[in-house]
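For the sequence shown, counting from 1, position 195 maps to 198 in the working numbering; every step adds exactly one.
Comments concern the structure below.
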Amino acid sequence: MSNQNSEITKDVYLVVPAFNEEKTVSQIIEGIAENGYRVILVNDGSKDNTLNLVIESKKKYPDQIFVVSHVINRGLGAALKTGMVVALNKNAKYIVTFDADGQHEIGDIPKVCKPLQDGEADVVIGARPFEDMPISKSFANLIMNALTFIFYGRNVKDSQSGLRAFTAEAADKINIVSRGYGVSSEFIKEISDKDLRLSEVTITTIYTPETQNKGTDAIVGLRILTKMVLDLFRI
4 MSNQNSEITK DVYLVVPAFN EEKTVSQIIE GIAENGYRVI LVNDGSKDNT
54 LNLVIESKKK YPDQIFVVSH VINRGLGAAL KTGMVVALNK NAKYIVTFDA
104 DGQHEIGDIP KVCKPLQDGE ADVVIGARPF EDMPISKSFA NLIMNALTFI
154 FYGRNVKDSQ SGLRAFTAEA ADKINIVSRG YGVSSEFIKE ISDKDLRLSE
204 VTITTIYTPE TQNKGTDAIV GLRILTKMVL DLFRI
């Protein structure tokens with residue numbers, strides 16, 4: 004890695020929430036570290052071997068992998084919030100959220116960071132081409148995009164994407180309270196409320212049997228919709 008690239012990557016911290024991800028977590032966080040980035044792995048009360056595996060990975064990259072654990076499973080939103088706070092405390096310049104289940108391409112990290120580094124955006128969302136998704140997933144995400152526009156006034160290509168990048172200043176302004184998958188829509192709400200500049204870049208869509216069982220489905224979507232309605236009428 005060149006000195007110039009090293010100078011760029013050292014300012015980027017990846018927040019990786021993990022709940023029972025023993026099949027993929029080592030490969031993900033070690034791959035990120037190999038590319039020069041720092042990783043905040045938030046073990047969200049995993050019951051499998053996730054924690055032991057990430058401790059072993061940290062031994063290989065002691066200066067790049069940092070591990071934080073929730074004693075119990077608190078949900079995706081809480082894990083992301085914990086990781087972002089830790090990254091800010093470590094003086095990260097840019098913070099990227101990245102799933103631990105293998106649905107993101109490590110090579111897309113520079114893509115979501117570039118608009119931030121160029122001063123063109125405060126937040127970047129990695130947008131997955133919906134035509135590359137299973138039909139059930141693409142339909143659910145289209146519905147969530149529509150609801151996000153109706154409730155929060157932001158027209159985004161992929162409101163439910165887990166690959167996002169923030170400047171430290173933007174991350175510090177965002178206040179997340181959702182515990183579960185509703186955090187994706189809440190990020191859009193916060194971006195809108197805080198008048199942050201948002202860009203989207205196209206990223207790779209990766210779906211495996213494990214990743215298809217996660218994310219936004221009809222039941223999760225109804226829960227998110229309920230929260231949106233409650234937020235709208237909250238005084």
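Glycine is no exception: its CB is placed at the ideal position from the N, C-alpha and C atoms.
Neighbour flag for residue i against chain D, beta carbons, 9 Å
i, result
"K26", "Absence of chain D from the displayed structure is noted, only one protein chain being present."
Short Cβ contact (9 Å threshold) for residue i with residue j
i, j, result
"N146", "S202", "Contrary to the premise, residue 146 reads as Ile rather than Asn in this sequence. Contact: no."
"L79", "G156", "no"
"D102", "G165", "yes"
"L17", "D125", "no"
"N92", "K50", "no"
"F69", "I43", "yes"
"D14", "K96", "yes"
"I32", "G105", "no"
"L150", "S195", "no"
"G110", "Q67", "no"
Supposed contact pair residue j and residue i - C-beta distance, whole angstroms, cut 8 Å
i, j, result
"I179", "K84", "5 Å"
"V115", "A168", "4 Å"
"L56", "E25", "6 Å"
"A171", "I98", "7 Å"
"V28", "T12", "V28 to T12, Cβ: 20 Å. No contact."
"F190", "I177", "7 Å"
"V74", "V89", "Their Cβ separation, rounded to whole angstroms, is 16 Å, which puts V74 and V89 out of contact at 8 Å."
Cβ shell of residue i (< 6 Å), same chain only, five flanking positions each side left out
i, result
"H107", "F101, L166"
"K192", "Y155"
"D121", "none"
"K197", "K176"
"R41", "Y16, Q67"
"N148", "S162"
"N94", "none"
Cβ-based neighbour list, residue i, same chain, cut-off 7 Å, excluding 5 preceding and 5 following
i, result
"N158", "F152"
"R77", "D47, G48, R182"
"P20", "V45, D47, L79, A82, L83, G86, A103"
"K63", "E33"
"I58", "V70"
"L260", "Residue 260 is absent from the model: the chain starts at 4 and stops at 238."
"E123", "S202"
Other residues of its chain near residue i: CB distance less than 8 Å, five sequence neighbours each side excluded
i, result
"A130", "V159, K160, D161, S164, E203, V204, T205, I206"
"P132", "T205, T208"
"P65", "none"
Practice problem: Could I get the ranges of all uninterrupted beta strand (DSSP E) runs contained in the region 47-113, with 3 residues as the minimum, in chain order? | Solution: 68-73, 97-100
Segments of 4+ residues assigned as alpha helix (DSSP H) that fall wholly inside the region 150-183: 171-176
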